Amino acid sequence: MIELIRIALKDRKGVTAMEYAVIAAGLVVVVAFAADYLGQGIGNIFNQFSDWFRAKPGTLP
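Going letter by letter, the sequence shown gives residues 450 to 510 in this note's numbering.
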């Protein structure tokens, strides 16, 4: 039993997988914040264009 624990502690494969998991989780957070920020900005641009288009005389209702 103690020998299995020693082998598990020496095995570095799990550490690498955990490092990749932490990096992937960080990227997910960054992408989520960027999408939220850009989504609001793009929505504002479309709303401004819509308001401008509605203000023009002789346009479609």
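Where is the CB? At the ideal position from N, CA and C, for every residue including glycine. Quick caveat, the model's predicted, so the values are computed rather than measured.
*Output the distance between the C-alpha atoms of Arg503 and Val479, rounded to the nearest integer angstrom.*
36 Å
_For Ile494, which residues in the same chain have their Cβ closer than 6 Å to its Cβ, ignoring the five residues on either side in sequence?_
none
*Would you report the Cα separation of Lys459 and Glu452, rounded to the nearest angstrom?*
11 Å
*Alpha-carbon spacing of Gly490 relative to Ile454, whole angstroms*: 53 Å
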